[in-house]
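Trainee: Per the working numbering, residue 839 is the first one in the sequence shown, and the count goes up by one each step. Glycine included, C-beta positions come from ideal geometry on N, C-alpha and C.
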Amino acid sequence: MPNLETVVREIADEMRQRSDRGEVARYIPELARVDPNQFGLAVIGADGTVAAAGDCDVPFSIQSISKVFTLTLALGMVGDRLWQRVGREPSGSPFNSVVQLEYERGIPRNPFINAGAIAVTDLILSRHQPREALGEILRFMQYLAQDNTITIDEEVAASEQRTGFRNVALANYMKSFGVIDNPVEYTLGVYFHHCAISMTCRQLAAAGRFLAHSGRDPSTGLSVVQAERARRINAVMLTCGHYDGSGEFAYRVGLPGKSGVGGGILAVAPGTASIAVWAPGLDAAGNSHLGRIALERLTKRLGWSIFGE
Ligand code: GLU
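1. Going by the CB atoms, is the gap between residue 1008 and residue 1062 shorter than 8 Å?
2. In the DSSP assignment, find the unbroken alpha helix (DSSP H) run with residue 906 in it and report its ends.
3. Using 8 Å as the cut-off, can you tell me whether the region 1110-1120 makes contact with the region 855-862, which would need three or more C-beta pairs spanning the two stretches below that distance?
4. Alpha carbons only, please: which of 987, 946, 896, 1055 is nearest the one belonging to residue 880?
5. Using only the alpha-carbon positions, how far apart do residue 863 and residue 873 sit?
6. Would you call the region 1069-1080 and the region 1093-1110 touching, i.e. three or more CB-CB distances under 8 Å?
7. Hey, would you say the C-beta of residue 1157 is under 7 Å away from at least one heavy atom of ligand 1?
8. Measure how close the beta-carbons of residue 960 and residue 1018 come, nearest whole angstrom, since I'm counting them as under 8 Å.
9. Which of the three DSSP states is assigned to residue 956 in this structure?
10. I'd like to check one pair, residue 1039 with residue 1115: are the Cβ atoms closer than 8 Å?
11. Tell me which same chain residues have a C-beta within less than 7 Å of the C-beta of residue 1066, skipping the five on either side of it?
12. What's the gap between the Cα of residue 1095 and the Cα of residue 901?
13. Just curious, the alpha helix (DSSP H) that residue 1093 is in, first and last residue?
14. Using only the alpha-carbon positions, how far apart do residue 1025 and residue 840 sit?
15. Given this structure, state the Cα-to-Cα distance separating residue 1057 from residue 887, to the nearest angstrom.
16. So for residue 1110, helix, strand or coil by DSSP?
17. Hey, residue 931 and residue 937 are a contact pair by Cβ (cut 8 Å); roughly how many whole angstroms apart?
18. Can the beta-carbon of residue 853 be found less than 8 Å from the beta-carbon of residue 1060?
19. Taking the beta carbon of residue 950 as the centre, do at least 16 other beta carbons fall within 10 Å, making it buried, or is it exposed?
20. Bridge partners of residue 890, per DSSP?
21. Might you give, ordered along the chain, the residues of its own chain that have their beta carbon closer than 7 Å to the beta carbon of residue 849, omitting 5 neighbours on each side?
22. Tell me which residues share the same chain as residue 1092 and place their Cβ nearer than 7 Å to its Cβ, disregarding the 5 neighbours each side in the sequence.
23. First and last residue of the alpha helix (DSSP H) that includes residue 1014?
24. State buried or exposed for residue 1003, treating a residue as buried only when at least 16 other CB atoms are found within 10 Å of its CB.
25. What separation, rounded to the nearest whole angstrom, lies between the Cα atoms of residue 1123 and residue 916?
26. Take residue 1110 as the anchor and find which of 846, 885, 868 has the nearest alpha-carbon.
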């Protein structure tokens, strides 16, 4: 089997040379300013070995990757009752689609499309004041990554708050069906801010370790969630983590993964590794273009696809 560090370095070099970089997200003005020529990759193995390359220490906006962690927190608060508010089927439509919500009477298809994540954020908010809810989400990220320097990029949050008209529409629409309990502006305020958490690939790979190791963080030995819950979160990541590109991601990469419009992807090789990749340019489905290609190469060279070598 090839050496992990060598593979990670090779892939970062290969990605640096490519000219097809996708398009940075333009609908959030602050993200439109990010340099698309960046690429970072960090992999943390079961024994804690870190292999990292490229811009692996540059913080980026994790955006929808935060939805994995808000789902984990909300399941911890309300348990399986969460699934009365949100489904767990792939959507087959874009991440911010309004149409599906009308057909399905305000119940979002899954917790990773925007509507679903907003409904999950609302469940967390119901247990707190808005600032406390956000503080709890941020502290959870810091705890998982064992790094209390992780912060929220207030400019990204403000940028989305000014322009997130579609998310406002989704939240109001769900509210009309009784799926949102709190004032829409509070729920969205928390949602925009957790999407604006800024992390490096190295920090993100550390935060995802519990998903790769049956709910336990191997560095502390502490249980974050039960093994069954980690397995199920991974299942939802595999089927829904890349919006309308989830099938393609499973086909090419073969790992549970969650993307964000900041260009990051968190991927989980169960029992083996937690992986974070970042390349800001997106493909047509809103997923990192080079991030996906890099992960495809990584799993192929290391034989890490959950579907076999
Ligand atoms: N904050 C972004 C939005 O609500 C998240 C989308 C994403 O990362 O896919 O549009």
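Mentor: To lay it out plainly:
1. Residue 1062 sits at position 224 when you count from the first residue of the sequence shown. Residue 1008 sits at position 170 when you count from the first residue of the sequence shown. Cβ distance not < 8 Å, so residue 1062 and residue 1008 don't count as in contact.
2. As a first step, residue 906 must be located in the sequence shown, where it is residue number 68. Here the alpha helix (DSSP H) through residue 906 covers 904-916.
3. yes
4. Looking up residue 880 in the sequence shown gives position 42. Checked all of 987, 946, 896, 1055; the closest Cα to residue 880 is 896.
5. Position 25 of the sequence shown, counting from 1, holds the residue named residue 863. Position 35 of the sequence shown, counting from 1, holds the residue named residue 873. So the alpha carbons of these two residues sit roughly 11 Å apart.
6. yes
7. Absent from the model: residue 1157. The displayed extent of the chain is 839 to 1147, so no value can be given.
8. Here residue 960 refers to the residue found at position 122 when the sequence shown is read from its first residue. Here residue 1018 refers to the residue found at position 180 when the sequence shown is read from its first residue. Sure, about 5 Å apart at Cβ, within 8 Å.
9. Numbered from its first residue, the sequence shown carries residue 956 at position 118. DSSP places residue 956 in helix when its eight states are reduced to three.
10. Counting from 1 along the sequence shown, the entry for residue 1115 is found at position 277. Counting from 1 along the sequence shown, the entry for residue 1039 is found at position 201. Contact flag set, yes.
11. As a position in the sequence shown, residue 1066 is number 228, starting the count at 1. Hits under 7 Å: none found.
12. As a first step, residue 1095 must be located in the sequence shown, where it is residue number 257. As a first step, residue 901 must be located in the sequence shown, where it is residue number 63. So the alpha carbons of these two residues sit roughly 14 Å apart.
13. Taking the sequence shown and counting its residues from 1, the one referred to as residue 1093 is at position 255. Residue 1093 -> no alpha helix (DSSP H), and no H or E assigned at all.
14. Translated into the one-based positions of the sequence shown, residue 1025 becomes position 187. Translated into the one-based positions of the sequence shown, residue 840 becomes position 2. Taking the straight line joining both Cα atoms gives about 47 Å.
15. The sequence position of residue 1057 within the sequence shown is 219, counting from 1. The sequence position of residue 887 within the sequence shown is 49, counting from 1. Rounded to whole angstroms, residue 1057 to residue 887 spans 11 Å at the Cα level.
16. In the sequence shown, counting from the first residue as 1, residue 1110 sits at position 272. Coil, per DSSP.
17. For the purposes of this step, residue 931 is taken as the residue at position 93 of the sequence shown. For the purposes of this step, residue 937 is taken as the residue at position 99 of the sequence shown. Indeed, because the Cβ distance is near 7 Å, the residues count as touching under 8 Å.
18. As a position in the sequence shown, residue 853 is number 15, starting the count at 1. As a position in the sequence shown, residue 1060 is number 222, starting the count at 1. Contact flag unset, no.
19. Here residue 950 refers to the residue found at position 112 of the sequence shown. Label assigned to residue 950: buried.
20. In the sequence shown, residue 890 corresponds to position 52, counting from 1. Per DSSP, 880.
21. Numbered from 1 along the sequence shown, position 11 holds the residue referred to as residue 849. Only 879, 1132, 1135, 1136 meet the Cβ criterion.
22. Translated into the one-based positions of the sequence shown, residue 1092 becomes position 254. Closer than 7 Å at Cβ, skipping near neighbours: 1137, 1143, 1144, 1145.
23. For this step, residue 1014 is matched to residue 176 along the sequence shown. That run of the alpha helix (DSSP H) goes 1003-1014.
24. Counting from 1 along the sequence shown, the entry for residue 1003 is found at position 165. By the neighbour-count rule (16 or more Cβ atoms within 10 Å), residue 1003 is not buried but exposed.
25. Walking along the sequence shown from the start, residue 1123 turns up at place 285. Walking along the sequence shown from the start, residue 916 turns up at place 78. Whole-angstrom Cα-Cα distance: 31 Å.
26. Residue numbering aside, residue 1110 sits at position 272 when the sequence shown is read from its first letter. If we check each option's Cα against that of residue 1110, 885 comes out closest.
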